[in-house]
Amino acid sequence: MQTSPQTTSVTETASAPATPRSGFVAAIVTVIAAAAAVWAAQQGLNSYLVTLLALLFINAALAVSLTLTNGLTGLFSLGHPAFMTIGAYVAAILTFSARRKGSMLPGLPDWLASTELSMFPALLIAGLVGGLVALAIGWAVLRLKGHYLAVATLGLIIVVQGLATNWDGITRGGAGLSGLPRHVNIWWALGFLVIVVAITWRIKYSSLGRAMMAVRENELAASCSGINAARLKILAFVIGAVMAAMAGALLAHLISVVTPKTYSVLLAFNIVVMVVIGGSGSITGAVVAATAITVLSEALRPVEESIGLYGMSQVIVALCLIVVLYLKPGGLFGSGEPAFVRRLFSGRKTQ
Amino acid sequence: MSQYLFQQIINGLALGSLYALVAIGFSMIYGIVRLINFAHGDLVMIGAFSTLALVTAGVPWPLILVFVLAIGAIAGMTIETIVFRPIRGSSQVTGFIATLAVSIAIQNSALMILSGQPRNFLFPAFMRQRVGFGGVNASLTDIAIIVLTLFLIGGLFLVVYRTRLGRAMRATAENLTAARLMGVAVNRTILAAFAIGSALAAVSGLFWGGKFGQIDPLLGFVPGLKAFVACVIGGVGSIGGAMMGGYILGLSEVLFVGLLPQEFSGYRDTFVFLLLIVILLVRPSGLFVRQTEERA
Numbered sequence: 001m002q003t004s005p006q007t008t009s010v011t012e013t014a015s016a017p018a019t020p021r022s023g024f025v026a027a028i029v030t031v032i033a034a035a036a037a038v039w040a041a042q043q044g045l046n047s048y049l050v051t052l053l054a055l056l057f058i059n060a061a062l063a064v065s066l067t068l069t070n071g072l073t074g075l076f077s078l079g080h081p082a083f084m085t086i087g088a089y090v091a092a093i094l095t096f097s098a099r100r101k102g103s104m105l106p107g108l109p110d111w112l113a114s115t116e117l118s119m120f121p122a123l124l125i126a127g128l129v130g131g132l133v134a135l136a137i138g139w140a141v142l143r144l145k146g147h148y149l150a151v152a153t154l155g156l157i158i159v160v161q162g163l164a165t166n167w168d169g170i171t172r173g174g175a176g177l178s179g180l181p182r183h184v185n186i187w188w189a190l191g192f193l194v195i196v197v198a199i200t201w202r203i204k205y206s207s208l209g210r211a212m213m214a215v216r217e218n219e220l221a222a223s224c225s226g227i228n229a230a231r232l233k234i235l236a237f238v239i240g241a242v243m244a245a246m247a248g249a250l251l252a253h254l255i256s257v258v259t260p261k262t263y264s265v266l267l268a269f270n271i272v273v274m275v276v277i278g279g280s281g282s283i284t285g286a287v288v289a290a291t292a293i294t295v296l297s298e299a300l301r302p303v304e305e306s307i308g309l310y311g312m313s314q315v316i317v318a319l320c321l322i323v324v325l326y327l328k329p330g331g332l333f334g335s336g337e338p339a340f341v342r343r344l345f346s347g348r349k350t351q
Numbered sequence: 001m002s003q004y005l006f007q008q009i010i011n012g013l014a015l016g017s018l019y020a021l022v023a024i025g026f027s028m029i030y031g032i033v034r035l036i037n038f039a040h041g042d043l044v045m046i047g048a049f050s051t052l053a054l055v056t057a058g059v060p061w062p063l064i065l066v067f068v069l070a071i072g073a074i075a076g077m078t079i080e081t082i083v084f085r086p087i088r089g090s091s092q093v094t095g096f097i098a099t100l101a102v103s104i105a106i107q108n109s110a111l112m113i114l115s116g117q118p119r120n121f122l123f124p125a126f127m128r129q130r131v132g133f134g135g136v137n138a139s140l141t142d143i144a145i146i147v148l149t150l151f152l153i154g155g156l157f158l159v160v161y162r163t164r165l166g167r168a169m170r171a172t173a174e175n176l177t178a179a180r181l182m183g184v185a186v187n188r189t190i191l192a193a194f195a196i197g198s199a200l201a202a203v204s205g206l207f208w209g210g211k212f213g214q215i216d217p218l219l220g221f222v223p224g225l226k227a228f229v230a231c232v233i234g235g236v237g238s239i240g241g242a243m244m245g246g247y248i249l250g251l252s253e254v255l256f257v258g259l260l261p262q263e264f265s266g267y268r269d270t271f272v273f274l275l276l277i278v279i280l281l282v283r284p285s286g287l288f289v290r291q292t293e294e295r296a
């Protein structure tokens, strides 16, 4: 079922060195440069553009986390928005001001109604809850393959949306929770992106990552060489879900609102588009594609509004995807990283 | 039988007919090209809006039915030729993503052209009256949907099991390469399967508008997903299974809402997808299919 470019990438990554010291330096330098760029952006750009940049970082982090589940391990999951919704609601309930919570959310137990956490613990708890839900769901759903898994996880989005809409006492129903404290700024988004990329990169170039790719290429062969495929798949699914839940929480506190429809199937589609266009399994590809698509759809929005053709940008994104599938089914970067990125960050002297 | 229960069952059968019409096409397409066609649900929307346009233009109803069948068939064949044929032979997941992209493109194009505003959609007045027999009564719309669906499905079975084209379809579904070697014009057969399946979905859009009274450009999403659920219940790839799955899904959904207390009715879709996940885990090859293909 897999195509040849991905098979070559396994041998390519297998030769990556174990202790990348100069790669570590390069990574630090990159992060400092990014921080400087963000600082400059904060000075020079208006607040709309800065928020947009934060949104871009979170989108990139989402695409990278989906690369881990879908790209490296080959689990075709569309469940990201479900975990984002869970994370957003958990964090929102925890950070909401205790004064308003009693009247707005009558269904909460007393100990929850009286807590008011700051962003960081709320974010961790959101990730934890998302991970636990993924563990329970994954145990059941990960026995399915290919597009059966895709539709089951799509169903999960509908289930979570249904719960969020109908469980009024806890979630305030379809109206959602608005007026959340704006705890998240661009630095949170940048930090999150850096952490997600670092974790995914380390996993990809480790024995764990190679085991994941082995499961993707041929599960039976992987199992025969001693890989516990079932456990590995659940692990990849749960890590992806924890990242998605945290991204959902961050996004909700960036735009200060969350409703049952905030993270929809359309979002699942857009993240998948980022991963597929970038090349499933390629971290660089995910970041590049996430940037391109976020910028493209934001740039098209004013055009859309001025000529009154709502939905045009989404049509263009969908057509881009079809063209990429047609011309370059493996995505822009295949499953690997472009050579200069690999040389830079895995500390390889010669190639 | 109490009027309430009877009403629920008729309602469930009518809804089940809509699901069955969509699910059959879905299942035919999967059976032949092994493609989960996500854009199939959007043909329901295309059918519904074509009907509205034809009604506005003053076309008589029996002709509308024929036109909608034709429009659905043309739309299905267009999608197959432009998008799915070029990527045939790539991995299943690639195909699935492509159908998702087609679906998003259709939905948003419809939003662009028609705007997101829901439109009213009415069957003529005589269709909306109620007919009674033996102490119970039901709406004529529901009865018409049930009867017409049975006719369409009967016609489909005739085509699939009694014609040359049907034999070619069954052969292609069994083994595409072998069918091609035996001289079956595979591309034409696949095109025919898309045409028939899409025509049925479009007619289901006509019924959908009549039953629910309102249509909007995104209405195809839910029937598309539920058609998949119906296929999984009956066994993906089997036409009879898809039909039975559609009826089972429609009935159980209506009974779930009708027999449980009011506050559960919002959980309708949640119930359907939990049902899907349970069935995928317990009987991944469906309730009516013996042969098992690797899917779980």
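Respectively, the protein sequence lines represent chains A and B.
Residue 199 in UniProt numbering is what sits at position 199 of the first sequence, and the numbering runs on without skipping anything.
Residue 190 in UniProt numbering is what sits at position 190 of the second sequence, and the numbering runs on without skipping anything.
For each residue, glycine too, the CB sits at the ideal point set by N, CA and C.
Per DSSP, cross-strand counterpart(s) of residue i
i         : result
Val-131/B : Ala-138/B
His-258/A : The amino acid occupying residue 258/A in the given sequence is Val; His does not appear at that position. Looking at the DSSP assignment, Val-258/A forms a beta bridge with Leu-177/A.
Asn-120/B : Gln-214/B
Chain B residues whose Cβ lies nearer than 8 Å to that of residue i
i         : result
Gly-165/A : Note that residue 165/A is Thr in the sequence shown here, rather than Gly. Here the neighbours are Gly-266.
Met-312/A : Asn-108 and Met-112
Ile-322/A : Val-83, Ala-98, Ala-101, Val-102 and Ala-105
Val-215/A : Neighbours of Val-215/A on chain B: none; closest Cβ ~15 Å, over 8 Å.
DSSP-derived helix/strand/coil call for residue i
i         : result
Gln-314/A : helix
Lys-328/A : coil
Glu-298/A : helix
His-40/B  : helix
Asn-182/B : A quick correction: the sequence has Met, not Asn, at residue 182/B. It is coil, neither helix nor strand.
Thr-3/A   : Because Thr-3/A carries a pLDDT of 42, less than 50, the predicted location of this residue cannot be relied on, and the following value inherits that uncertainty. Coil, per DSSP.
Val-159/B : helix
Phe-333/A : coil
Val-254/B : helix
Glu-263/B : helix
Arg-342/A : helix
Gly-279/A : coil
His-183/A : coil
Phe-96/A  : coil
Pro-121/A : helix
Thr-171/A : helix
Arg-34/B  : coil
Ser-9/A   : For Ser-9/A, the predicted model reports a pLDDT of 43, less than 50, meaning its position is unreliable; a value from the coordinates is still stated below. Three-state result, Ser-9/A: helix.
Asn-70/A  : helix
Arg-268/B : helix
Glu-80/B  : helix
Pro-60/B  : coil
Gly-89/B  : coil
Thr-115/A : coil
Other residues of its chain near residue i: CB distance less than 6 Å, five sequence neighbours each side excluded
i             : result
residue 339/B : With chain B running from 1 to 296 in the structure shown, residue 339/B is simply not present.
Ala-290/A     : Asn-59, Ala-60, Ala-63 and Met-274
Met-243/A     : Ser-65 and Val-196
Proximal residues to residue i (C-beta, below 8 Å), its chain only, five neighbours per side dropped
i         : result
Ala-292/A : Ile-277
Ala-48/B  : Phe-121, Gly-205, Leu-206, Trp-208, Gly-209, Ile-215 and Leu-219
Val-159/A : Ala-82
Leu-180/A : Ala-92, Thr-95, Phe-96, Ala-252, His-253, Ser-256, Val-257 and Val-258
Ala-178/B : Ala-171
Neighbourhood of residue i by C-beta, 7 Å cutoff - its chain only, sequence neighbours within 5 removed
i             : result
residue 307/B : Residue 307/B lies beyond the stretch modelled for chain B, which goes from 1 to 296, so this question has no answer here.
Ile-279/B     : Val-232 and Ile-233
Ala-201/B     : Leu-21, Val-22, Gly-25, His-40, Leu-43, Val-44, Gly-47 and Gly-72
Gly-74/A      : Val-215 and Arg-216
Val-238/A     : Gly-131, Ala-134, Leu-135 and Gly-138
Thr-284/A     : Phe-333, Glu-337, Pro-338 and Val-341
Proximal residues of chain B, C-beta to C-beta of residue i below 9 Å
i         : result
Pro-329/A : Ile-87, Ser-90, Ser-91 and Thr-94
Cross-chain neighbours of residue i in chain A, by beta carbon under 9 Å
i         : result
Phe-288/B : Going along chain A, no residue has its Cβ under 9 Å from Phe-288/B, so there is no contact; the nearest lies around 18 Å.
Leu-274/B : Gly-155 and Val-159
Per-residue contacts from residue i into chain A (C-beta, under 7 Å)
i         : result
Thr-78/B  : Near Thr-78/B there are no residues of chain A at all, since even the closest Cβ is about 14 Å away, more than 7 Å.
Phe-49/B  : Under the 7 Å cutoff, chain A gives no residues; its nearest Cβ is about 15 Å from Phe-49/B.
Phe-228/B : Val-151
* **alpha helix (DSSP H) segments (min. 4 residues) lying fully within the region 141 to 167 of chain A** => List check, alpha helix (DSSP H) in window: 146 to 166.
* **Continuous alpha helix (DSSP H) assignments of at least 4 residues falling wholly in the region 207 to 247 of chain A** => Listed in chain order, the complete alpha helix (DSSP H) runs (minimum 4 residues) inside the region 207 to 247 of chain A are 207 to 217 and 219 to 224.
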